[in-house]
Amino acid sequence: MRAFRAYLVAGKPTVRSSDLQLIWTRLSLPMEAFETILSAGRFSDQTEWMKFLALACYCVGKTYRDAGISLMKI
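In terms of my numbering, the sequence shown opens at residue -19 and continues consecutively.
Here it is as structure tokens:
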């Protein structure tokens, strides 16, 4: 799975939202959270990876520890 994620985002400042959704689904993260993140970040089809990652960790983690764990998963 890690290699799959690395392939999708390797060295790219932007990534397709559909690719992010695929990663999100395979990690069994809640789809409503994914949709909330896309909406809150006003992301389009091409999403800035680092902005998405920052917002995802903030939204999914209830504490700094949870956010860090989410960061490692994503």
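From the three backbone atoms N, C-alpha and C, an ideal C-beta is built for every residue, glycine too. In this text, all values refer to a predicted model and were calculated from it rather than measured experimentally.
- For the set M30, C39, S8, E15, the Cα lying nearest the Cα of G(-9) is the one of M30.
- Selection L33, P(-7), D46, S8 evaluated against L18 yields L33 as nearest (Cα-Cα).
- Using a 10 angstroms sphere on the CB of L0, the tally of other CB atoms reaches 16 or more, which defines it as buried.
- If you draw a straight line from the Cα of E28 to the Cα of R45, it is about 24 Å long.
- Remark: C-beta atoms of Q26 and S(-3) approach each other more closely than 9 Å.
- The alpha-carbon of T16 is positioned some 14 Å away from that of T5.
- Burial check for A36: the Cβ neighbour count within 10 Å reaches 16 or more, so the residue is buried.
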